[in-house]
Amino acid sequence: MKDTPIETSPLTPRRVTACSSAGRLSARIIRPARLADAPPLVVLHGISRNAGKLARLFLPEAERTGRTVIVPHFPADTWPDFQRPSKAARPDLALLALLDLVVSECPDISGPVEILGHSGGAQLAHRLAMLYPHRVAALHLVAAGWYCLPDESMPYPYGLAPGKDAFSASWSRRKAAALRDFLQIPVCVHVGTEDVIRDDALRKTPALDAKQGPHRLARARTYVGALNAAAEAAGVTPRARLIEMIGCDHDVVRAITQNHLAARVLDARAALS
Amino acid sequence: MTLAETLDQAKWTFVTRCVDRARVAATDTDFAAARPGDLILAHVDRLGQHHRVQLPSGRPSLIFPGDAVVMACGARYAPDQFEGLAEIGPDCADLLAGGGCIGRMVARNSRIKPATRLVPAARLLDADGQAVNLADFALVPRRAAPRPPVIGVLGTSMNSGKTLATAQLVLGLRRAGFRVGAVKATGTGAFGDLNEYSDSGAHYVGDFTDAGMVSTYLEPLDRIRTATETLIAEAGHRGCDIVVMEVADGILQRETAALIADPWFAQLISGLVFACADAVAAVGGVMHLARLGLVPDALTGLVSCSPMAASEAGSATGLPVLTRENLSDPAEATGFALRAGLGREKAA
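Those sequence lines, one after another, are chains F and W. Position 5 of the first sequence, counting from 1, maps to 5 under this note's numbering, and the rest follow consecutively. Position 12 of the second sequence, counting from 1, maps to 285 under this note's numbering, and the rest follow consecutively.
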C-alpha cells in the first residue's frame, strides 16, 4: 500500500521502548508544550507500518490541541503479525507494557487512553478494547478490513461465537466477559466513501463477505450497526457512530491531509464524552 | 551476657518481623503460661526436618545446635508436615515451621523427618512483666479505608496450587493495569508465599501475622475474620484496586471450612478460583462449594498441568480450567476484575 507523499515537520518526537513477554515495542511520543486535560491518543498504523509518517502528521495537531500522542511501531521483522492477539503474537501485551512505561514517565496521563487505528491498526485497536475496556477512553477505527463482531453471529475471530478449538473458545470467552464494559466505550468508525476496492490486503471469504460485507465501507457500516444493536441488547446506551469521509479511499495520509482526520479525532473529545 | 546482648545475637525469625524489639525488657521461664503469639527465646538442640529458619529480611538462615532463636509460640496444621499445638514444655519444644513457630508436635507426615528439637530458654516480657505477643504489633484496623473487591483462592489441599494461582493472578491483574493486593488469610507464618506474591508485583502483601497471629490453626473464627478484614482494608488504604486472597489448606480443614461456611465469606468475595489436584478432586470440591453457595469462576492448580485431566475436570464441572499462564495473562485476569466491578466506570 502506498501513501501520498507529504511535507513533514522537522521536529522529532521522543522515542521509548517497552519490554514485555510478547517482545519489544518502540513508540514515538509527542508531548506538546501546553498539555490539555485530556487522555493521550495512541495511533496504531496499518500494514504499511508508517509510524514515522503518522507521528509527523499528528505532531502539529497535537501541538495545537495540547494532546499527548503515542505512535507505536510494529516492525515487520519482529512483528510480522500485529493486527490481533493470536497464537502467533500478542501485540496487546506489548501495548499494555508500553502504556505502563509511558505512565511511569508521565504520571499526568495515567488512566484510560483514546486509540486511533488505521486498517490493521484498527483491527488491533478494537480487539484491544474488547479485552481491556478499562484501559480505553474512546476508539477511532479507520477503515478496518474486518471486525470481531460483538455478538455470536460469527465464530471467533469474526465474532464471539466459540470457535472449534479450545484456543478460540478461550478468546471468545475473554471478550464476552468484557463485552458489557466494551459496549460503553464511545466508538467512531471512519471510512472513505471510495474505500470499496477488494484489494489484495482485504480478507475475503464467502462467510465474511456475506456477514460483514464485500468491502471496507460496507463492513464499517455493518460493524457500527452491530455495535449499537449489541449495546441495546445489553441495556447500554449505543455509543458507536459512522463517519463516512467523502471521496476518500483507503489512504490514511489523504484522510489526514485532505479530510482532516487527525484534527477531527483530536478535537472530538467533547463529542465523545 | 546481658539479655540485650543475647537477644541481639539471636536469630529473630520471620514471624517476628513486626515486633519492636525495644519492647523486650525482661524474661521468665513460665512456659506453661505461654499463649499463641508469645515470643520465646530457644536454643537449637537437635536438627530434624528444619535445618533453616526464615529471617525477617526474607532470606533463610542455616541453624546449628546451640543457636539462639526468637520465635512465636503457636499451633500448626500442615498435612504434608506436622500438626502441632501452641504448647511449650519446661525443657523441650519443637520447631513446627521455619517461619518461626515453636510448639509441640502431635502428628507428622510419615514421609518427613521428626521436628527439629528446641530447648526453650526464656519467654520475653515487656516492662510491665507482660508477655510480648505478636498481637501487640498487629495492624490497626483502618475502618475508613475503601474496601477493594476480593478474589478468593481456595484449594482441595495443601500443595494443590493455591499460592501459584494467587501469585499468577496478581501478575495478570497487574499487567492489566490494576493495583493489586495479595493477602493470605490463614495458615502458618512463613515468607515463601508472601515473597511469591511480591515477586509477582503485588502492590501490597499481607498475611495473618501482620494481624498479630503466628498461625491461624485453632484460632477463633471471629479473630480470623477480623484479621482478614483488617488486611483487606489495609490493601485499600495502600491504594489497591483489587485483592487476591489465598485461604490456606483444603476446604475441609478446620479453619478454612469454618471460614468459607460463614455467609460473611460469600459476601466478601467477588470472584473465586479453585485449585485442585485432579478431576475427581475438582468435581468433589465444586459440589462441596455449591452446598455452601459458592461457585468458582475457574479451576486451576495441578489439574491444569495435564490437558487430559483439565478436559475431564472442565467437562464434569462446566468450568474453565486455567493454567498458570492463563492466570498471568492480563486478557484472562481482566475478566476477574470486570466481574468484580472494576469496569469503565471505576477506571474513569
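We put the beta carbon where it would ideally sit given N, CA and C, even for glycine. Owing to the predicted nature of the structure, the values given are computational and were not obtained by experimental measurement.
Span of the beta strand (DSSP E) around residue i
{"i": "L391 (chain W)", "result": "T389 to L398"}
{"i": "V546 (chain W)", "result": "I542 to A548"}
{"i": "E141 (chain F)", "result": "A small fix is needed here, since residue 141 (chain F) is Leu in this sequence, not Glu. Per DSSP, L141 (chain F) belongs to the beta strand (DSSP E) from V136 to V142."}
{"i": "D480 (chain W)", "result": "Y477 to D480"}
{"i": "E63 (chain F)", "result": "Careful: E63 (chain F) lies outside any beta strand (DSSP E), inside the alpha helix (DSSP H) at A51 to T65."}
{"i": "Q327 (chain W)", "result": "R325 to Q327"}
{"i": "F355 (chain W)", "result": "F355 to L358"}
{"i": "A345 (chain W)", "result": "A341 to C346"}
{"i": "T436 (chain W)", "result": "Note, T436 (chain W): premise wrong, no beta strand (DSSP E); alpha helix (DSSP H) at K435 to R448."}
Listed by chain order, chain F residues near residue i by CB distance under 8 Å
{"i": "P593 (chain W)", "result": "S170 and R173"}
Own chain partners of residue i with C-beta closer than 8 Å, once the 5 adjacent residues on each side are dropped
{"i": "M130 (chain F)", "result": "C148, P150, K175, A178, L179 and F182"}
{"i": "R24 (chain F)", "result": "T17, A18, T78 and A94"}
{"i": "L442 (chain W)", "result": "I424, V426, V517, V546, L600, S601, A606 and F609"}
{"i": "A589 (chain W)", "result": "A552, A555 and V556"}
{"i": "E7 (chain F)", "result": "Because the pLDDT of E7 (chain F) is 45, which lies under 50, any placement of that residue in the model is unreliable, and the number read from its coordinates should be weighed accordingly. There are no such residues."}
{"i": "R612 (chain W)", "result": "S543, G544 and D570"}
{"i": "A307 (chain W)", "result": "I313, C346, A359, E360, I361, R396 and A404"}
Cβ neighbour criterion (16 or more within 10 Å) applied to residue i
{"i": "A621 (chain W)", "result": "Because A621 (chain W) carries a pLDDT of 46, less than 50, the predicted location of this residue cannot be relied on, and no value is offered for it."}
{"i": "G339 (chain W)", "result": "exposed"}
{"i": "G402 (chain W)", "result": "exposed"}
{"i": "H260 (chain F)", "result": "exposed"}
{"i": "C374 (chain W)", "result": "buried"}
{"i": "Q83 (chain F)", "result": "buried"}
{"i": "M581 (chain W)", "result": "exposed"}
{"i": "K53 (chain F)", "result": "buried"}
{"i": "P603 (chain W)", "result": "buried"}
{"i": "L266 (chain F)", "result": "buried"}
{"i": "W537 (chain W)", "result": "exposed"}
{"i": "P281 (chain F)", "result": "Nothing about residue 281 (chain F) can be reported from this structure: the residues present for chain F run from 1 to 273 only."}
{"i": "L335 (chain W)", "result": "exposed"}
{"i": "E278 (chain W)", "result": "exposed"}
{"i": "Q540 (chain W)", "result": "exposed"}
{"i": "T300 (chain W)", "result": "buried"}
{"i": "S383 (chain W)", "result": "exposed"}
Continuous alpha helix (DSSP H) stretch holding residue i: start and end
{"i": "T257 (chain F)", "result": "V252 to T257"}
{"i": "A277 (chain W)", "result": "L276 to Q282"}
{"i": "S21 (chain F)", "result": "No alpha helix (DSSP H) contains S21 (chain F), which DSSP labels as neither H nor E."}
{"i": "M560 (chain W)", "result": "A552 to R564"}
{"i": "H510 (chain W)", "result": "L494 to H510"}
{"i": "M581 (chain W)", "result": "P580 to T590"}
{"i": "G225 (chain F)", "result": "R216 to A233"}
Within chain F, the residues that residue i reaches when beta carbons sit closer than 9 Å
{"i": "L545 (chain W)", "result": "Correct list: empty, because the minimum Cβ distance to chain F is about 15 Å."}
{"i": "G616 (chain W)", "result": "P133, H134, A178, R180, D181 and Q184"}
{"i": "L611 (chain W)", "result": "P133, H134, A177, A178, R180 and D181"}
Chain-order list of residues whose beta-carbon lies under 7 Å from that of residue i (same chain, five-residue window excluded)
{"i": "Q282 (chain W)", "result": "A341"}
{"i": "G159 (chain F)", "result": "C148, L149, D151, E152 and S153"}
Within chain W, partners of residue i - CB distance below 7 Å
{"i": "P91 (chain F)", "result": "In chain order: nothing, as chain W lies at least about 12 Å away."}
{"i": "R135 (chain F)", "result": "G450"}
{"i": "L101 (chain F)", "result": "Near L101 (chain F) there are no residues of chain W at all, since even the closest Cβ is about 12 Å away, more than 7 Å."}
{"i": "L57 (chain F)", "result": "Per Cβ cutoff of 7 Å: no residues; L57 (chain F) is ~28 Å from chain W at best."}
Member of the options whose CA lies at the smallest distance from the CA of residue i
{"i": "T436 (chain W)", "options": "W:D301, W:R511 and W:D522", "result": "W:D522"}
{"i": "M245 (chain F)", "options": "F:A231, F:R216 and F:A230", "result": "F:R216"}
{"i": "R241 (chain F)", "options": "F:S21, F:Q184 and F:D249", "result": "F:Q184"}
{"i": "R381 (chain W)", "options": "W:L368, W:S577 and W:V392", "result": "W:L368"}
{"i": "W146 (chain F)", "options": "F:G121, F:F74 and F:E152", "result": "F:G121"}
{"i": "V276 (chain F)", "options": "F:S86, F:D195, F:D209 and F:P32", "result": "Lying before the first or after the last residue shown, residue 276 (chain F) is absent from chain F, which here runs from 1 to 273."}
{"i": "A440 (chain W)", "options": "W:L335, W:R325 and W:G474", "result": "W:G474"}
{"i": "Q327 (chain W)", "options": "W:D318, W:A315, W:V343 and W:A539", "result": "W:V343"}
{"i": "F359 (chain W)", "options": "W:I533, W:D311 and W:R564", "result": "Per the sequence shown, residue 359 (chain W) should be read as Ala rather than Phe. For A359 (chain W), the nearest C-alpha among the options comes from W:D311."}
{"i": "V559 (chain W)", "options": "W:P387, W:I385, W:A586 and W:S579", "result": "W:A586"}
{"i": "V317 (chain W)", "options": "W:P333, W:R349 and W:A388", "result": "W:A388"}
{"i": "L525 (chain W)", "options": "W:T499, W:A315, W:R377 and W:A351", "result": "W:A351"}
{"i": "R496 (chain W)", "options": "W:P414, W:T302 and W:G376", "result": "W:P414"}
{"i": "H323 (chain W)", "options": "W:D514, W:F337, W:L615 and W:I515", "result": "W:F337"}
{"i": "R198 (chain F)", "options": "F:A144, F:L128 and F:D108", "result": "F:A144"}
Beta-carbon contacts of residue i that lie in its chain and below 6 Å, excluding the five residues immediately before and after
{"i": "D466 (chain W)", "result": "T436 and K457"}
{"i": "V553 (chain W)", "result": "none"}
{"i": "G192 (chain F)", "result": "M245, C248 and D249"}
{"i": "T501 (chain W)", "result": "A458"}
{"i": "A51 (chain F)", "result": "H45, V71 and H73"}
{"i": "S20 (chain F)", "result": "L93, A94 and A97"}
Listed by chain order, chain F residues near residue i by CB distance under 7 Å
{"i": "E605 (chain W)", "result": "R174"}
{"i": "G608 (chain W)", "result": "R174, A177 and A178"}
Beta-carbon neighbours of residue i, restricted to chain W and to distances below 9 Å
{"i": "P85 (chain F)", "result": "A604"}
{"i": "L96 (chain F)", "result": "R448, A449, G450 and P603"}
Problem set entry | Selection of the region 121-155 of chain F by Cβ proximity to chain B, strictly under 7 Å | Here chain B cannot be found, since the structure's protein chains are F and W.
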